[in-house]
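Keeping their order, the protein sequence lines are chains A, B, C, D and E.
Taking this note's numbering, I'd label the letters of the first sequence as residues 1359 to 1667.
Taking this note's numbering, I'd label the letters of the second sequence as residues 1359 to 1667.
Taking this note's numbering, I'd label the letters of the third sequence as residues 1359 to 1667.
Taking this note's numbering, I'd label the letters of the fourth sequence as residues 1359 to 1667.
Taking this note's numbering, I'd label the letters of the fifth sequence as residues 1359 to 1667.
Beta carbons: idealized from backbone N, C-alpha and C, even for Gly.
Keep in mind the model is a prediction, meaning the values are calculated, not measured.
Here is the structure we will look at, set down as structure tokens.
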Amino acid sequence: MGTTDRVREILSWYGSDSPGTLTNLARMLSAGALGGTGKMVILPVDQGFEHGPARSFATNPAGYDPRYHFQLAIEAGCSAYAAPLGFLEAGARDFAGQIPLILKLNNHDVLYEEKDPEQAVTGSVRDALRLGCVAIGYTIYPGSSARLEMYSTLRALAEEAKANGLVVVVWSYPRGSGLSKEGETGIDVTAYAAHIAAQLGAHIVKVKLPSAHLEQAAAKKVYEKESVPVGTLAERVRHVVQSTFNSRRVVIFSGGPAVGDEQVFEEVRAIRDGGGFGSIIGRNSFQRKKPDALKFLGTIMGIYAGTQK
Amino acid sequence: MGTTDRVREILSWYGSDSPGTLTNLARMLSAGALGGTGKMVILPVDQGFEHGPARSFATNPAGYDPRYHFQLAIEAGCSAYAAPLGFLEAGARDFAGQIPLILKLNNHDVLYEEKDPEQAVTGSVRDALRLGCVAIGYTIYPGSSARLEMYSTLRALAEEAKANGLVVVVWSYPRGSGLSKEGETGIDVTAYAAHIAAQLGAHIVKVKLPSAHLEQAAAKKVYEKESVPVGTLAERVRHVVQSTFNSRRVVIFSGGPAVGDEQVFEEVRAIRDGGGFGSIIGRNSFQRKKPDALKFLGTIMGIYAGTQK
Amino acid sequence: MGTTDRVREILSWYGSDSPGTLTNLARMLSAGALGGTGKMVILPVDQGFEHGPARSFATNPAGYDPRYHFQLAIEAGCSAYAAPLGFLEAGARDFAGQIPLILKLNNHDVLYEEKDPEQAVTGSVRDALRLGCVAIGYTIYPGSSARLEMYSTLRALAEEAKANGLVVVVWSYPRGSGLSKEGETGIDVTAYAAHIAAQLGAHIVKVKLPSAHLEQAAAKKVYEKESVPVGTLAERVRHVVQSTFNSRRVVIFSGGPAVGDEQVFEEVRAIRDGGGFGSIIGRNSFQRKKPDALKFLGTIMGIYAGTQK
Amino acid sequence: MGTTDRVREILSWYGSDSPGTLTNLARMLSAGALGGTGKMVILPVDQGFEHGPARSFATNPAGYDPRYHFQLAIEAGCSAYAAPLGFLEAGARDFAGQIPLILKLNNHDVLYEEKDPEQAVTGSVRDALRLGCVAIGYTIYPGSSARLEMYSTLRALAEEAKANGLVVVVWSYPRGSGLSKEGETGIDVTAYAAHIAAQLGAHIVKVKLPSAHLEQAAAKKVYEKESVPVGTLAERVRHVVQSTFNSRRVVIFSGGPAVGDEQVFEEVRAIRDGGGFGSIIGRNSFQRKKPDALKFLGTIMGIYAGTQK
Amino acid sequence: MGTTDRVREILSWYGSDSPGTLTNLARMLSAGALGGTGKMVILPVDQGFEHGPARSFATNPAGYDPRYHFQLAIEAGCSAYAAPLGFLEAGARDFAGQIPLILKLNNHDVLYEEKDPEQAVTGSVRDALRLGCVAIGYTIYPGSSARLEMYSTLRALAEEAKANGLVVVVWSYPRGSGLSKEGETGIDVTAYAAHIAAQLGAHIVKVKLPSAHLEQAAAKKVYEKESVPVGTLAERVRHVVQSTFNSRRVVIFSGGPAVGDEQVFEEVRAIRDGGGFGSIIGRNSFQRKKPDALKFLGTIMGIYAGTQK
């Protein structure tokens, strides 16, 4: 398998982690089409749980089948495939050893909508080991009144994961009554959310692409006083990456709902130019026919790899 | 005992489960009149706990006796008998080895009515092993504000059950302030509820027969845009089965309160035609005299077996 | 010690329990004046905790002394003596081996009054073993919003008790905002409460004597449609016993506050005629002088034994 | 599945076992060609471990393949298949639910030969549950200086097995420096060995067919004084069965090395006539070609079933 | 990473293992120059512990440095690198993710020489996870009076390893007073030793190349009677592989001390021709200069891959 200089450089940032965790991190950084570049594209499919099956899969009904997503991630050359317990259980034997797996340990549905959302714990570290995963995934909702309990639960799970040589991937999604709708993706809030995830011990942090909005008055004052450059998307990505231990933690970005391929590619270029480590792309990949998805993901990986502009 | 090709095909969908769990799943799929066909009819008697004894058994007072339901399930050729702790404890020795048992691990009563219901944990995995059960049963209420805690509790019980070679059967019943009354059985909500149960690791999912109602605006848009066929009951069954890992999990259906035998048979034909895996029939079977119940269940099994039209 | 045919018949209903639990059940059924008849009269003294010492013992100050109640129960020929931790600890050595003991594992006081009451866990299964008890006792409040948690706690304690060969006695007392005051003793609610206790795995169920009131609309309809006979107290006792696994669980009854001896005797005759298994009599026995109490309890036991009409 | 009167009679002997253990015992007694008769023929294949692969399988090389023995046991209609961990792991998924499995929890090889043999623990109760087994198997060597430790280990494993609803099958094989070679199968020693296994809590006891030899002087005196009839093989079987709780535990017999089919059939008739419960036949079945083995086992089952004389 | 058809075929033999264990097995089978072919060449360096440092490394002093062996295994394209705790701890961080690691969990030194050797447990399953290993390694000494305890310890470690998704590699080395020196590598003993390892649940079995010597009289008789072909080395390899679950477990071979490269290549051809799965080559690779070692290992891998004759 081998590892590149860049992968070894990234591993060097995680000095308090065991060789076991580094090994699994190296596996993710060495897998797929971007293997060795230090960039990652992850396929996440928790959409069925989060939004319901029809909203997730009716557009491309092949996606109702749990095996489809394994196949898509493998064929596209993704760095890893992330999903809740049921979807991983339904394919882990058939596709054993073919792609790094991330078990998403908590999940949320929209059959009841809370003002201050939280998630249910839906998997365990033991499940992750039993299924051959390289990492656990966990979502936190900074901004929700339930956030502190979410942080504490993450802490306990992360401690157990690390003791067993697994990687910890945190989805840090600001939501809840502490924030305005616009504030959820504000640059100050996004940078803050990424920093919290890193402070909680995440190895890989996933946030949404930030807008130029500044949500918190006290923060706004500083951004303006210090003239923190957040005008372009690339600048904002750079600021988030800087906020996440000055680029010594892997930060990846998700887009929102599908908009148009060219816009997604533009965003990917901004992530690349801002020093981001990659993308996590769910709906935009599994909600189109496989050939189209492979082409779409291929373009994105090409942008990260530098083989596409 | 032997297993048929169809049973082996179903077992092949559960690649992450131990041979122990597959053995117990094979026992259910091989028991009773439908043994080997891949179809199941389960007798559940948690009605006494859920609605009270008189509402459950006054119509056919033989049902006050816990032994009656074992006998009924055995004589009718059911695939399994499901009940709370007390009812199973009261017959498990006398009927040891005569029918697969499912211990219902949580229950709810109506002496207090919550807007957002939850259930009490009323049994354990150790109880299930001690009583010779093949499976645990657990109810979740998607749509209730208590749902996330129910999911998390199920997760822990399911992990323990699987580690001990038991099957996990989940009753997924949308209820609570997140949904309108009509929405509880809406097709979008029912498909979503089945999907959640499967993502939580259920081997067998039980839902109510869905209506054509579409509850959630965001879902409605997709059903209409993609022209998901949900006009007939058989189509709706097919959509629920598809939403449950594209038919790679066993999904069974319950009817509502008794209405008329012919209507029940019509529903069973729709389940069969839509690719459903069977029925779970409580009140409609134990609330009539035994000879009548045996005839009624016999007709239903005949429809599934193809010996009745 | 020997057991009668009737005791052996009763033991035969508990096929999922260990010989250890049967042994302790046999001890209760074989103790005291009613030993061997299948009937029981239990002395419970948790009144001090529940209502305060003066309300409980000022009338007969001998009752302030924990030894008094052991002596009373022994001299009266009771089947067992039930009390909270402190009262049992204060006499268990002195009266070791003289009467079966039930450790009441939860209790409630009235220094704060909740709309939806619950109880504190005040003893453990280990305490019960250490004190030489034959059983644990536990109260549930169906009708309270706290009921589900009470059921779950009972479940865990009952599992541990059974694993250690103890008997489980459940006080099932409907209370809370789910019910009207009259409803707490309504026949539908009482039968339902007894059924829930049995489903939770109780060996002995204790309920209050039911009135003819029907609390729940859905139940009322059934009682009327099926003409369930609940006009006389004996008929209501019979219905409760039937609702508790068709008389295959021991159900005993408490009266309310003291009213007049003859009325109590009338109630005991109704319990006997309705197939009830006995009485649990607290205030009415320890709130009078001992000679009077012994005479009073003697009459009651005589009615159950058939030596008094 | 159903159980016959005879099976229910046998289950009634095990009053201290849980319904879970009775269920698994019923499964064995209800499986295969002898299902329901109260007789059993078990296929054990631990020979490879005990004597080496060539000595076990060279005669019929199909037996090198672990799947062969599952198939043989299923096709022959055996009551159960018993083997060490590796052989069961190699087939338990493929043959899930097709035949009751017994995981042999200890084993011995002959690459070192002790005067006082013992065995290694080679499997666990958790393995048995994970593989879907109905029972654990365990060998003791009465007569060996290592026997007391073997009894103690068995006790601990049996306690765990019973707590999880499994059956305990004990191979009681007198060996070691406490006995002469002839004494290993002496009638006094065999009866004693069976009794010890039953006292250790075995549900099913397996011993070798006894000779008329009397090994122990003190025993010899009694056999002669009381004229215990042990002249014929059927009488000796009857005496062993009597010694095992007067026929209230299932005792099955193994022959020695292959000798000639008619001699084996004679032995089976003696087991049947002496009230034995069946045979465990290893080498004599898997060391011949499958069609021959099926015919051979068919004859034996016919003798037990009474369809062959 | 992907897996070939041959790798998937091999994984299909392990039906009772979790996807986690299959994933790690796939990693070994997919790594290095032979990745995907179903053949393996493993570098083991426990020589320092087993024979002392000078005897191990003085010939090629680069080998004193633990990092040397990681580099050698990686550059040579080995399938895995196996070593005791200390050697792995000394390099696991620097080489994280570059080669599958096997933590040898027990070891033996020669500062005391027993007639009946055993080994010390020198590592744990938790160590293996912490160091990012894909497998644990464990040595048994069939033929030693200590063997039964070694089997039992292996069993417990293997159960824990499998529960955590690791692979179990067993070095089965007959030694001890039960065998003659010649017998240690006799074909009957070697086949027996491989069979025992597989019965103990090993996924990968490592034995020495067998001689034509037949050690045990009882076995000799069978080999001669059945004319088991063991004349050539390839035939003997084939017999060992057959004895290990009819080729449904991975069996690899070690040579003895270095003799001459061409002789080693001859042996490798015999392993290949006999259906063996590969080699484990210690002294012969690290006791020569690296360029020489790389060439030597390259030739061996070429023979397995079919690119060298």
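By how many angstroms is the C-alpha of Y1531/B removed from the C-alpha of A1551/B?
Here residue 1551/B is taken as the residue at index 193 of the second sequence, counted from 1. Here residue 1531/B is taken as the residue at index 173 of the second sequence, counted from 1. A1551/B and Y1531/B: Cα-Cα distance of roughly 7 Å.
To test your reading of the DSSP string, which unbroken beta strand (DSSP E) runs of 3 or more residues are found completely within the stretch 1515 to 1581 of chain B?
If we require 3 residues or more, the beta strand (DSSP E) runs fully inside the stretch 1515 to 1581 of chain B come out as 1525 to 1530, 1562 to 1566.
Hey, out of L1430/E, S1376/E, Y1581/E, whose CA is closest to R1488/D's CA?
Translated into positions along the fourth sequence, residue 1488/D becomes position 130. Comparing Cα-Cα distances from R1488/D to each of L1430/E, S1376/E, Y1581/E, the minimum goes to S1376/E.
Pick out whichever of Y1509/B, S1370/B, E1433/B has its Cα sitting closest to the Cα of G1390/B.
For this step, residue 1390/B is matched to residue 32 along the second sequence. Of Y1509/B, S1370/B, E1433/B, the residue nearest in Cα terms is E1433/B.
For N1464/A, which three-state DSSP category applies?
As a working note, residue 1464/A is residue 106 in the first sequence. Looking at N1464/A - three-state DSSP - the assignment turns out to be strand.
Grab me the residues of I1457/B's own chain with a C-beta within less than 6 Å of its C-beta, minus the 5 sequence neighbours each way, in chain order.
Here the question's residue 1457/B lines up with position 99 in the second sequence. These residues qualify, in order along the chain: A1431, I1432, Y1439.
G1373/C CB to nearest chain D CB: under 9 Å?
Translated into the one-based positions of the third sequence, residue 1373/C becomes position 15. For G1373/C, the answer is yes, since a Cβ of chain D falls inside 9 Å of its Cβ.
Suppose the cutoff is 8 Å on Cβ atoms and the five residues either side in sequence are ignored; what does the same chain contact list for S1601/A look like?
The residue given as residue 1601/A occupies position 243 in the first sequence. Closer than 8 Å at the Cβ level, and outside the excluded window around S1601/A, lie A1549, Y1550, A1552, H1553.
Run through the stretch 1380 to 1435 of chain C for me and flag every whole beta strand (DSSP E) of 3 or more residues, listed as ranges in chain order.
If we require 3 residues or more, the beta strand (DSSP E) runs fully inside the stretch 1380 to 1435 of chain C come out as 1398 to 1402.
Does P1424/C come within less than 9 Å of chain D when only Cβ atoms are used?
As a working mapping, residue 1424/C is identified with position 66 in the third sequence. Cβ-Cβ to chain D under 9 Å: no for P1424/C.
Along the beta strand (DSSP E) that carries T1497/A, what are the first and last residues, could you check?
The sequence position of residue 1497/A within the first sequence is 139, counting from 1. Here the beta strand (DSSP E) through T1497/A covers 1493 to 1498.
Quick one: using the 10 Å Cβ neighbour count with 16 as the cut-off for buried, is R1364/D buried or exposed?
Residue 1364/D sits at position 6 when you count from the first residue of the fourth sequence. With fewer than 16 Cβ atoms within 10 Å of its Cβ, R1364/D is classed as exposed.
When burial is assigned at 16 or more other CB atoms within 10 Å of the CB, is T1590/A buried or exposed?
Locating residue 1590/A in the first sequence gives position 232, where the first residue counts as 1. T1590/A is exposed by the Cβ-count criterion.
In the structure shown, what three-state DSSP assignment does L1487/B receive?
Your numbering for residue 1487/B matches position 129 in the second sequence. Helix.
For a contact meaning CB atoms closer than 7 Å, what does R1451/A contact in chain E?
Taking the first residue of the first sequence as 1, we reach residue 1451/A at position 93. Those within 7 Å of R1451/A in chain E are P1377, L1380.
With distances taken Cα to Cα, identify the nearest neighbour of K1520/B among A1575/B, T1381/B, A1663/B, Q1574/B.
In the second sequence, the residue the question calls residue 1520/B occupies position 162. Closest option to K1520/B, Cα to Cα, is T1381/B.
Is the stretch 1407 to 1425 of chain A in contact with the stretch 1521 to 1528 of chain E, if contact means three or more CB pairs nearer than 8 Å?
Short answer: they don't touch.
Select from the stretch 1439 to 1472 of chain E all residues with a C-beta closer than 9 Å to any C-beta belonging to chain A, and list them in chain order.
Flagged, chain order: L1446, E1447, G1449, A1450, R1451, D1452, F1453, A1454, G1455, Q1456, I1457, P1458, L1459.
Considering only residues of the same chain and omitting the five flanking positions on each side of D1452/B, which have a CB-CB separation below 8 Å?
As a position in the second sequence, residue 1452/B is number 94, starting the count at 1. R1425, F1428.
When you compare the CB of D1619/A with every CB in chain B, is at least one pair closer than 9 Å?
As a position in the first sequence, residue 1619/A is number 261, starting the count at 1. No, D1619/A lies away from the interface with chain B (no Cβ there is under 9 Å from its Cβ).
State the beta-bridge partners of G1636/D as determined by DSSP.
The count along the fourth sequence starts at 1 and reaches residue 1636/D at position 278. Bridge partners of G1636/D: M1398/D.
Using the DSSP secondary-structure output, state which residues sit across from F1611/E in a beta bridge.
Taking the first residue of the fifth sequence as 1, we reach residue 1611/E at position 253. Looking at the DSSP assignment, F1611/E forms a beta bridge with V1565/E, S1637/E.
Apart from the five residues just before and just after F1407/E, which ones in its own chain have a Cβ nearer than 7 Å to its Cβ?
The residue you call residue 1407/E lines up with position 49 of the fifth sequence. Contacts found: P1442, N1465, D1467.
Can you have a look at V1617/A and say buried or exposed, based on whether 16 or more other CB atoms are within 10 angstroms of its CB?
Sequence index remark: in the first sequence, residue 1617/A carries index 259 (1-based). V1617/A should be labelled exposed.
S1482/B touches chain C at which residues, Cβ-Cβ below 9 Å?
Taking the second sequence and counting its residues from 1, one reaches residue 1482/B at position 124. Within chain C, the residues near S1482/B are R1513, A1514, E1517.
Would you mind giving the Cβ-Cβ distance between T1543/B and K1566/B, rounded to the nearest angstrom? I have them listed as a contact below 8 Å.
Here residue 1543/B refers to the residue found at position 185 of the second sequence. Here residue 1566/B refers to the residue found at position 208 of the second sequence. Going by Cβ atoms, the distance from T1543/B to K1566/B rounds to 5 Å, so yes, they are a contact pair.
List the endpoints of the continuous alpha helix (DSSP H) containing A1651/E.
Walking along the fifth sequence from the start, residue 1651/E turns up at place 293. It spans 1648 to 1663 - the alpha helix (DSSP H) in which A1651/E sits, taken as one unbroken run.
Exposed or buried, L1469/C, counting other C-beta atoms within 10 Å across all chains shown (16 or more means buried)?
As a working note, residue 1469/C is residue 111 in the third sequence. L1469/C should be labelled exposed.
For chain A, find out if any of its Cβ atoms is closer than 9 Å to the Cβ of G1558/B; answer yes or no.
Numbered from its first residue, the second sequence carries residue 1558/B at position 200. The sequence shown places Leu at residue 1558/B, rather than the Gly named in the question. Chain A contact via Cβ: present.
Quick check on DSSP: helix, strand or coil for A1504/A?
In the first sequence, residue 1504/A corresponds to position 146, counting from 1. Note: A1504/A maps to coil in three-state DSSP.
If the criterion is Cβ atoms closer than 9 Å, does the pair G1495/B and K1462/B meet it?
Translated into the one-based positions of the second sequence, residue 1495/B becomes position 137. Translated into the one-based positions of the second sequence, residue 1462/B becomes position 104. For G1495/B and K1462/B, yes; Cβs fall inside 9 Å.
Checking contacts by CB at 9 Å: is I1432/D closer than that to chain H?
The chain inventory of the structure shown lacks chain H, comprising the protein chains A, B, C, D and E.
Would you mind stating whether S1643/D and Y1662/D have Cβ atoms separated by less than 9 Å?
The residue you call residue 1643/D lines up with position 285 of the fourth sequence. The residue you call residue 1662/D lines up with position 304 of the fourth sequence. Not a contact, by the Cβ cut-off of 9 Å.
Scan the stretch 1400 to 1422 of chain B for residues whose Cβ lies nearer than 7 Å to a Cβ of chain C and list them as they occur along the chain.
Correct list: G1406, F1407, G1410, P1411, A1412, R1413, A1416, T1417, Y1422.
Going by Cα to Cα distance, which pick from D1546/E, V1492/E, A1493/E, R1484/E is closest to P1500/E?
Numbered from its first residue, the fifth sequence carries residue 1500/E at position 142. Of the candidates D1546/E, V1492/E, A1493/E, R1484/E, the one whose C-alpha sits nearest the C-alpha of P1500/E is D1546/E.
Going by Cα to Cα distance, which pick from A1486/A, A1450/A, A1384/A, S1437/A is closest to G1373/B?
Along the second sequence, read from residue 1 onward, the residue named residue 1373/B stands at position 15. Cα-wise, what sits closest to G1373/B is A1450/A.
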